[in-house]
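Asker:
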Amino acid sequence: MSFQYYLELLGTFVFAISGALAITGKDKDWVGATFTGFITAIGGGTLRDILLDRHPLVWISDMAVVYTIVAGIVCVYFFSKTLGRLSKTLLLFDTLGISLFTIVGTEVALHHGVRGEIAVVMGMFSAVMGGVIRDTLTQETPVILQRGVYASACFIGAVIYLILRYFDLDRNLNFVISISSIIIIRLLSVRYEWAVPGFDRKFMRKEVD
Amino acid sequence: MSFQYYLELLGTFVFAISGALAITGKDKDWVGATFTGFITAIGGGTLRDILLDRHPLVWISDMAVVYTIVAGIVCVYFFSKTLGRLSKTLLLFDTLGISLFTIVGTEVALHHGVRGEIAVVMGMFSAVMGGVIRDTLTQETPVILQRGVYASACFIGAVIYLILRYFDLDRNLNFVISISSIIIIRLLSVRYEWAVPGFDRKFMRKEVD
Amino acid sequence: MSFQYYLELLGTFVFAISGALAITGKDKDWVGATFTGFITAIGGGTLRDILLDRHPLVWISDMAVVYTIVAGIVCVYFFSKTLGRLSKTLLLFDTLGISLFTIVGTEVALHHGVRGEIAVVMGMFSAVMGGVIRDTLTQETPVILQRGVYASACFIGAVIYLILRYFDLDRNLNFVISISSIIIIRLLSVRYEWAVPGFDRKFMRKEVD
Chain V
0 MSFQYYLELL
10 GTFVFAISGA
20 LAITGKDKDW
30 VGATFTGFIT
40 AIGGGTLRDI
50 LLDRHPLVWI
60 SDMAVVYTIV
70 AGIVCVYFFS
80 KTLGRLSKTL
90 LLFDTLGISL
100 FTIVGTEVAL
110 HHGVRGEIAV
120 VMGMFSAVMG
130 GVIRDTLTQE
140 TPVILQRGVY
150 ASACFIGAVI
160 YLILRYFDLD
170 RNLNFVISIS
180 SIIIIRLLSV
190 RYEWAVPGFD
200 RKFMRKEVD
Chain S
0 MSFQYYLELL
10 GTFVFAISGA
20 LAITGKDKDW
30 VGATFTGFIT
40 AIGGGTLRDI
50 LLDRHPLVWI
60 SDMAVVYTIV
70 AGIVCVYFFS
80 KTLGRLSKTL
90 LLFDTLGISL
100 FTIVGTEVAL
110 HHGVRGEIAV
120 VMGMFSAVMG
130 GVIRDTLTQE
140 TPVILQRGVY
150 ASACFIGAVI
160 YLILRYFDLD
170 RNLNFVISIS
180 SIIIIRLLSV
190 RYEWAVPGFD
200 RKFMRKEVD
Chain A
0 MSFQYYLELL
10 GTFVFAISGA
20 LAITGKDKDW
30 VGATFTGFIT
40 AIGGGTLRDI
50 LLDRHPLVWI
60 SDMAVVYTIV
70 AGIVCVYFFS
80 KTLGRLSKTL
90 LLFDTLGISL
100 FTIVGTEVAL
110 HHGVRGEIAV
120 VMGMFSAVMG
130 GVIRDTLTQE
140 TPVILQRGVY
150 ASACFIGAVI
160 YLILRYFDLD
170 RNLNFVISIS
180 SIIIIRLLSV
190 RYEWAVPGFD
200 RKFMRKEVD
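Chains as they are written, first to last, in numbering that gives the first Met the number 0: chain V, 0 to 208; chain S, 0 to 208; chain A, 0 to 208.
(1) Where V/Asp-93 and A/Val-57 are concerned, what is the direct C-alpha to C-alpha distance, given to the nearest angstrom?
(2) Helix, strand or coil: which one does DSSP assign to A/Asp-134?
(3) Under the three-state reduction of DSSP, which class applies to A/Gly-18: helix, strand or coil?
(4) Anything in chain A within Cβ reach of V/Arg-114, meaning under 8 Å, just list it in chain order.
(5) Tell me whether V/Gly-42 sits in a helix, a strand or coil according to DSSP, three-state version.
(6) May I have the straight-line CA-CA distance separating V/Val-13 from V/Glu-7, to the nearest angstrom?
(7) Does the Cβ of A/Arg-47 have 16 or more other Cβ atoms within 10 Å, making it buried, or fewer, making it exposed?
(8) Under 8 Å by Cβ, that's how I've got S/Thr-146 and V/Asp-28 pegged, so tell me the actual separation to the nearest angstrom.
(9) Between V/Phe-202 and chain A, is the shortest Cβ-Cβ distance under 9 Å, so that the two count as touching?
(10) For chain S, find out if any of its Cβ atoms is closer than 9 Å to the Cβ of A/Phe-100; answer yes or no.
(11) Counting only Cβ-Cβ distances shorter than 8 Å, please list the residues of the region 117–145 of chain S near chain A, keeping chain order.
(12) With distance defined between alpha-carbon atoms, name the residue in V/Met-123, V/Val-75 and V/Leu-186 nearest to V/Asp-153.
(13) Is the Cβ-Cβ distance between V/Val-131 and V/Ile-117 less than 9 Å?
(14) If you count every other CB in all the chains shown that lies within 10 Å of the CB of V/Pro-141, and 16 or more means buried, which is it?
(15) Rounded to the nearest angstrom, what separates A/Tyr-160 and V/Val-75 at their Cα positions?
(16) Rounded to the nearest angstrom, what separates S/Arg-172 and A/Arg-170 at their Cα positions?
(17) Ignore the nearest five residues each way along the sequence and tell me which others in V/Val-65's own chain have a CB closer than 7 Å to its CB.
(18) Output, in sequence order along the chain, the residues in the region 152–181 of chain A whose CB is closer than 9 Å to any CB in chain C.
(19) Where does the unbroken alpha helix (DSSP H) through A/Ile-184 begin, and where does it stop?
(20) Would you call the CB atoms of A/Ile-176 and A/Leu-187 closer than 9 Å?
(21) Is the CB of A/Trp-58 under 9 Å away from at least one CB in chain V?
(22) Distance check for S/Arg-185 and S/Glu-192, CA to CA, integer angstroms please.
(23) So, under 8 Å CB-CB, A/Lys-18 and A/Thr-39 are touching, yes? Tell me the CB distance rounded to an integer number of Å.
(24) Against chain S, which members of the region 17–34 of chain V pass a CB distance test of less than 9 Å?
(25) In chain order, what residues of the same chain lie with their CB nearer than 7 Å to the CB of A/Thr-101, ignoring the 5 residues before and after it?
(26) If you compare alpha carbons, which of V/Asp-26, V/Thr-33, V/Ser-151 and V/Ile-178 is closest to V/Leu-9?
(27) In chain S, which residues lie with their C-beta within 9 Å of the C-beta of V/Ile-49?
(28) Does V/Asp-199 get closer than 9 Å to chain A when you measure Cβ to Cβ?
(29) Can you name the start and end residues of the alpha helix (DSSP H) that A/Tyr-76 belongs to?
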């Protein structure tokens, strides 16, 4: 079992936690928490593999993935007091999840034979689509559509990974560097309220009838 | 044509009805009703087959499925007066749909060669994801995230099916028993307001800023 | 490269524009605009190809598609002042997109070997599902569920395409006629407020508790 495999399991674990946290405090039950945790954890990677026609899906052939998700959800239930304030905890686990999945997803896509540009897109999809599905199901505005540095941190991390790979850096070291860069960018951006430039240059909302 | 085939058609029929009912009384037109009925009827099974890489999809290769869906939608239009109060009718058809699709979905997944645990997940996905898509499109909270016994009834039914199958019970008899058990659990749970244990143990909503 | 290829690229371009326009004026950033433009542009065609098991997906193997989408999004940013009032502009680009994608999607499905009825469904899915995903992400009621002539214009255009194809009309001429018919029907329907018959015959909303 490779380093990448354990990183993917860790990403699955923290995303299951972020999914279960997302419905915590919303008067939901164990089924809701399990469903949201499961969908958040497998959503991005599953979408990536379906787009790439990569079968069988990891969680269908490898039961460790399913048990990891269950473990994440149970952790939220039992350690919720220890986990501290909800919004900060959710941010932390979500950040860990997107950083791991971006780089693992980029690597998987490259290994599948697609071009670098598409691999970056696939890495970002792996990272953010689980959260997009989670937010859509819980009727929140998807994080990717909110202001702030989120998908762009994934983008930068994936590009760093590609560049270091081009220069033949050791693969595991490259994983560590590019994953860390996403975590650092994301957390600093929240702390210092960085933002990506707005898209509205001339249209004003009042123009819309 | 097997017993399973007719159960799947019946499930498709009642789910098309549940989809068309879901937008009834919401000032929608025939296109909206057809779209919602169609998506609800094929959503769960299609997702299951895409996840399992099972092609061609049933409704693409078998026109009977498409005509069954159209029949269900037309029925809602013409018999809507006879169908009685909307919420109870929707509950009945949705319950029939999830019970049929859970067991057919579990069986299809087992036949495809996956493990029992994954087959149960696939059975539940077949059953609930059509409704999840229906609710997302009509901007309702997905039923699976509401309190009450819904996906858990499917879960119990799928496990009953697996156990009886392990003891080599006649397949059609097993279908009847496990499907009935889902219907009974679901309807009793609504009548007596059974609920799955809540997930919030310590987090309070006020903790969230 | 065929006429159909350029029509598909043009459809991708205008759908990317419609996606980026959909979040214009909503305080979003470049990432949000790019994501929405991308998902809207590839959503319908990707869903069609996944349902038909047609791999690799166009945008994964052909970088021209990705660059076309980026061009569309950049155009919205720079020409937004010239584009005029938002609602009318969005209508125009969306109409162009659905007309092109309906016919290209129908043709692709027929070429893949499915029956005429399914090809029509696939054409409509190609056309409307990008917009359905766009509207779901931006938490709007999907256009297909709103009153008016939308998916039904696609339906009529796809049937016209099938009929002319049956009579062996020149393929490119057929494209022009059937695409134009969708554009004309859609724009006239908005101008004269045509509507598809309502679905609610007897149920009243007050019946619902």
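Idealized CB from N, CA, C, for every residue including glycine.
Treat the numbers as computed from the prediction; the structure is a model and nothing was measured.
Answerer: If we stick to the structure as given:
(1) Locating residue 93 of chain V in the first sequence gives position 94, where the first residue counts as 1. Locating residue 57 of chain A in the third sequence gives position 58, where the first residue counts as 1. Rounded to the nearest whole angstrom, the C-alpha separation of V/Asp-93 and A/Val-57 is 31 Å.
(2) Locating residue 134 of chain A in the third sequence gives position 135, where the first residue counts as 1. If DSSP states are grouped into helix, strand and coil, A/Asp-134 belongs with the helices.
(3) As a first step, residue 18 of chain A must be located in the third sequence, where it is residue number 19. Assignment of A/Gly-18 by DSSP, reduced to helix, strand and coil, places it in the helix class.
(4) Within the first sequence, numbered from 1, the residue matching residue 114 of chain V stands at position 115. Against V/Arg-114, the close residues of chain A are Met-62, in the order they occur along the chain (beta-carbon pairs closer than 8 Å).
(5) Locating residue 42 of chain V in the first sequence gives position 43, where the first residue counts as 1. Three-state result, V/Gly-42: helix.
(6) Taking the first sequence and counting its residues from 1, the one referred to as residue 13 of chain V is at position 14. Taking the first sequence and counting its residues from 1, the one referred to as residue 7 of chain V is at position 8. Near 10 Å, if we compare the C-alpha coordinates of V/Glu-7 and V/Val-13.
(7) Here residue 47 of chain A refers to the residue found at position 48 of the third sequence. Counting Cβ neighbours within 10 Å, A/Arg-47 comes out buried, since at least 16 surround it.
(8) Residue numbering aside, residue 146 of chain S sits at position 147 when the second sequence is read from its first letter. Residue numbering aside, residue 28 of chain V sits at position 29 when the first sequence is read from its first letter. Residue 146 of chain S is actually Arg in this sequence, not Thr. A Cβ-Cβ separation of about 6 Å places S/Arg-146 in contact with V/Asp-28 under the 8 Å criterion.
(9) Translated into positions along the first sequence, residue 202 of chain V becomes position 203. Low confidence applies to V/Phe-202: its pLDDT is 46, below 50, so where it sits in the model is not reliable, and the reading given next is rough at best. Taking Cβ atoms only, chain A reaches closer than 9 Å to V/Phe-202, which makes this a yes.
(10) Against the third sequence, residue 100 of chain A aligns to sequence position 101. Output row for A/Phe-100: interface = no.
(11) When C-beta distances to chain A are compared with 8 Å, the residues of the region 117–145 of chain S below that value are Thr-135, Leu-136, Thr-137 and Gln-138, in chain order.
(12) For the purposes of this step, residue 153 of chain V is taken as the residue at position 154 of the first sequence. Residue 153 of chain V is actually Cys in this sequence, not Asp. When only C-alpha atoms are compared, the closest one is V/Met-123.
(13) As a position in the first sequence, residue 131 of chain V is number 132, starting the count at 1. As a position in the first sequence, residue 117 of chain V is number 118, starting the count at 1. By the CB criterion at 9 Å, V/Val-131 and V/Ile-117 fall outside the cutoff.
(14) If you number the first sequence from 1, residue 141 of chain V lands on position 142. Burial check for V/Pro-141: the Cβ neighbour count within 10 Å reaches 16 or more, so the residue is buried.
(15) Against the third sequence, residue 160 of chain A aligns to sequence position 161. Against the first sequence, residue 75 of chain V aligns to sequence position 76. If I take the Cα positions, the gap works out to 55 Å.
(16) Here residue 172 of chain S refers to the residue found at position 173 when the second sequence is read from its first residue. Here residue 170 of chain A refers to the residue found at position 171 when the third sequence is read from its first residue. Reading the sequence as shown, one finds Leu at residue 172 of chain S and not Arg. Taking the straight line joining both Cα atoms gives about 54 Å.
(17) By 1-based counting over the first sequence, the position of residue 65 of chain V is 66. Trp-58.
(18) Given the protein chain composition of this structure (V, S and A), no chain C is represented.
(19) Position 185 of the third sequence, counted from the start, is the residue given in the question as residue 184 of chain A. A/Ile-184 -> alpha helix (DSSP H) spans 170–190.
(20) Locating residue 176 of chain A in the third sequence gives position 177, where the first residue counts as 1. Locating residue 187 of chain A in the third sequence gives position 188, where the first residue counts as 1. Cβ distance not < 9 Å, so A/Ile-176 and A/Leu-187 don't count as in contact.
(21) Taking the third sequence and counting its residues from 1, the one referred to as residue 58 of chain A is at position 59. Taking Cβ atoms only, chain V reaches closer than 9 Å to A/Trp-58, which makes this a yes.
(22) Your numbering for residue 192 of chain S matches position 193 in the second sequence. Your numbering for residue 185 of chain S matches position 186 in the second sequence. In this structure, the CA atom of S/Glu-192 is about 10 Å from the CA atom of S/Arg-185.
(23) As a working mapping, residue 18 of chain A is identified with position 19 in the third sequence. As a working mapping, residue 39 of chain A is identified with position 40 in the third sequence. The amino acid occupying residue 18 of chain A in the given sequence is Gly; Lys does not appear at that position. With a Cβ gap of about 3 Å, A/Gly-18 and A/Thr-39 count as contacting.
(24) Taking 9 Å as the Cβ-Cβ cut-off against chain S, the residues of the region 17–34 of chain V that qualify are Ala-19, Leu-20, Ile-22, Thr-23, Gly-24, Lys-25, Asp-26, Lys-27, Asp-28, Trp-29, Val-30, Gly-31, Ala-32, Thr-33 and Phe-34.
(25) Translated into the one-based positions of the third sequence, residue 101 of chain A becomes position 102. Excluding five sequence positions before and after A/Thr-101, the CB atoms of its chain that fall closer than 7 Å to its own CB belong to Gly-122, Met-123, Ser-125, Ala-126, Cys-153, Gly-156, Ala-157 and Ile-181, given in chain order.
(26) Counted from its first residue, the first sequence places residue 9 of chain V at position 10. The residue with the shortest Cα to Cα distance from V/Leu-9 is V/Ile-178.
(27) Walking along the first sequence from the start, residue 49 of chain V turns up at place 50. Within chain S, the residues near V/Ile-49 are Ile-49, Leu-50 and Asp-52.
(28) In the first sequence, the residue the question calls residue 199 of chain V occupies position 200. V/Asp-199 counts as touching chain A.
(29) Reading the third sequence from its first residue, position 77 is the one you call residue 76 of chain A. Here the alpha helix (DSSP H) through A/Tyr-76 covers 62–78.
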